[in-house]
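K.L.:
The letter at position 38 of the sequence shown is residue 93 when you use this note's numbering, and the numbering goes up by one with no holes.
Glycine is no exception: its CB is placed at the ideal position from the N, C-alpha and C atoms.
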Amino acid sequence: MRILVIEDHRDIHDNLVEFLQLRGHSVEGALDGLTGLHLAASRRYDAILLDIMLPGIDGNQICQSLREHSRSDVAIVMLSARDELDDRLTGFKVGADDYIVKPFAMSEVLARIHAVVARRQSRNSRVLVVGDLRFDLDTLEVTRGDIVLKLKPTSRKLLELLMQKSPGVVKRTELEARIWGREAAQRENLRSNIHILRGVIDKGFDSPLLHTVHGLGYQLCKKD
56 MRILVIEDHR DIHDNLVEFL QLRGHSVEGA LDGLTGLHLA ASRRYDAILL DIMLPGIDGN
116 QICQSLREHS RSDVAIVMLS ARDELDDRLT GFKVGADDYI VKPFAMSEVL ARIHAVVARR
176 QSRNSRVLVV GDLRFDLDTL EVTRGDIVLK LKPTSRKLLE LLMQKSPGVV KRTELEARIW
236 GREAAQRENL RSNIHILRGV IDKGFDSPLL HTVHGLGYQL CKKD
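(1) Which first and last residues belong to the beta strand (DSSP E) in which H266 is found?
(2) Assign Q219 to buried or exposed, taking buried as 16 or more other Cβ atoms, counted over all protein chains shown, within 10 Å of its Cβ.
(3) Tell me the residue span of the alpha helix (DSSP H) that contains K220.
(4) Pull up the distance between the alpha-carbon of K205 and that of V225, whole angstroms please.
(5) On a CA-only basis, which of D201, I249, G200 and I202 is nearest E215? Give me that one, please.
(6) Leaving out the 5 sequence neighbours to the left and right, which residues in its chain are closer than 7 Å to P263 when beta-carbon positions are compared?
(7) Measure from the alpha carbon of D201 to the alpha carbon of each residue in R189, V156 and Y154, then state which is nearest.
(8) Under 8 Å by Cβ, that's how I've got I107 and D113 pegged, so tell me the actual separation to the nearest angstrom.
(9) Roughly how many whole angstroms lie between the Cα atoms of G146 and M133?
(10) Any idea if L77 is buried or exposed, counting beta-carbon neighbours within 10 angstroms, 16 or more meaning buried?
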């Protein structure tokens, strides 16, 4: 993969570049926002690791510029020491695919990169597939095997998020943020909506696909 690292902390920047290069990836780096934006807008990358607090122009502005002005579909993973819900919501609002809180393990960063790149590729195909479950994003048709499944709008949105991140675990907080934003009262509905979704996509089938990961969130995948 071609990866761009935009990070102003020299040690973190150098460690990320070295780690990714040692694993066979082509990596370029920038230590400030303006240089990072120029590289991101003028060259083709599979993924960008983007710090938020940068000199010149911050990561949120870079991400928004790439999505709105450059129409870039590159996978973007935010890096930040900020871990408040509002910070994550802002990152997702401007177009980030994922958000990693510092400090982080290098292996987790690489795993997240692989996941968001795979999701981007899946989105571009416009058909999500997990096991025998298929979701056509253009027609909104959901099928499992030969059976057409009927889903309400909230269930479809949950399913789309879970399938895009499959086989990864999606945290409750991320699902709540992506579905309901700051409407705190609505977040209490997540468990009941997961129950409804599970009843549609798993009930009557031999193997369940929607799994609860206690203390973390939910995972959509085929398990042996």
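P.N.:
With the structure as the only source:
(1) Note, H266: beta strand (DSSP E), L265 to V268.
(2) By the 10 Å Cβ count, Q219 comes out buried.
(3) It spans P208 to K220 - the alpha helix (DSSP H) in which K220 sits, taken as one unbroken run.
(4) Here the alpha carbon of K205 sits roughly 23 Å from the alpha carbon of V225.
(5) Comparing Cα-Cα distances from E215 to each of D201, I249, G200 and I202, the minimum goes to I249.
(6) Around P263: D257.
(7) When R189, V156 and Y154 are compared, the shortest CA-CA separation from D201 is found for R189.
(8) Right, their Cβ atoms sit about 6 Å apart.
(9) CA-to-CA, the gap between G146 and M133 works out to about 7 Å.
(10) The residue is exposed, with fewer than 16 neighbouring Cβ atoms inside 10 Å.
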